[in-house]
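Residue numbers (this note's numbering): 11 to 245.
One structure below.
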Ligand code: OGA
Ligand code: MN
């Protein structure tokens, strides 16, 4: 079992193309195409209303239920033996989601699978699976500037963040700052975590940070990953 993805088996998660096509209604394929177009042009995009409010409400309820069941842990930095908790860098709590979780699959797993297929079809990114967690920022919690994928050749290719907050106001803070200019020279794009908004960006390219929230801030965050290939010629 692989150290960093031992909590699920990605191959079992991949939905058949036929199943994905069945739920790929016109609206969804339009929305997927708009995302792909933006990713091709800029490498990032923000899509308000990616999912209907009713589904976002159900996802928020699920995220809260898992919190009540004490399934969240203090978020760490790094992987495996390098993992450490450092509250000076990030202070959110996360709950990894089993991709076989029936509630998750029904509420958004299949929708996110259609997006994976659309991106692969049009960008040849070889996205193989998606790992996701819920994240909860309590008032005062933040995440300092970082990249989601440091190592060249790492598996995380595309970051997605779906916000689950109802009635978020600018004074609630918790903005995502996305540095779309590599040398950090120009001002970042500022994104409020409104429920239903999806943010996507290429994981290796864009530094970003989360400003301190002033009320509970909930999201579902995920990474589309390529397949792990372990060749003996690269020990
Ligand atoms: C992350 C992250 C941003 C956000 O979890 O790596 O950068 O807006 N999240 O929640
Ligand atoms: Mn991040």
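Just so it is clear, CB atoms sit at the ideal spot from N, CA and C, and this is done for glycine as well.
All values reported here derive from a predicted model rather than from experimental measurement.
Selection 102, 124, 70, 78 evaluated against residue 223 yields 102 as nearest (Cα-Cα).
Our two residues, residue 134 and residue 48, have alpha carbons roughly 15 Å apart in a direct line. Contact holds between the segment 208-220 and the segment 152-170, because three or more Cβ pairs, one in each stretch, are under 8 Å apart. The alpha carbon of residue 108 has as its nearest neighbour, out of 100, 79, 124, 140, the alpha carbon of 140. Across the structure, residue 71 and residue 227 are spaced so that their CA atoms are roughly 13 Å apart. The residue from 86, 50, 175, 64 with its alpha-carbon nearest to that of residue 130 is 50. Residue 56 sits in a strand when the DSSP states are folded into three classes. Selection 79, 199, 94, 37 evaluated against residue 62 yields 37 as nearest (Cα-Cα).
Residue 231 is a Cβ neighbour of residue 145, given a cutoff of 7 Å. Looking at the DSSP output, residue 166 shares a beta bridge with 235. Apart from sequence neighbours up to five positions away, the residues of its chain that approach residue 137 with a beta-carbon distance below 8 Å are 126, 129, 130, 167, 168, 234, 235, 236, ordered along the chain. Each of 171, 186, 220, 229, 231 has a C-beta closer than 5 Å to some heavy atom of the ligand OGA; these make up the full list, in chain order.
Residue state for residue 171 is assigned as strand, using DSSP reduced to three classes. The C-alpha of residue 54 lies about 31 Å from the C-alpha of residue 241. Residue 108 has its Cβ no nearer than 6 Å to any heavy atom of the ligand MN.
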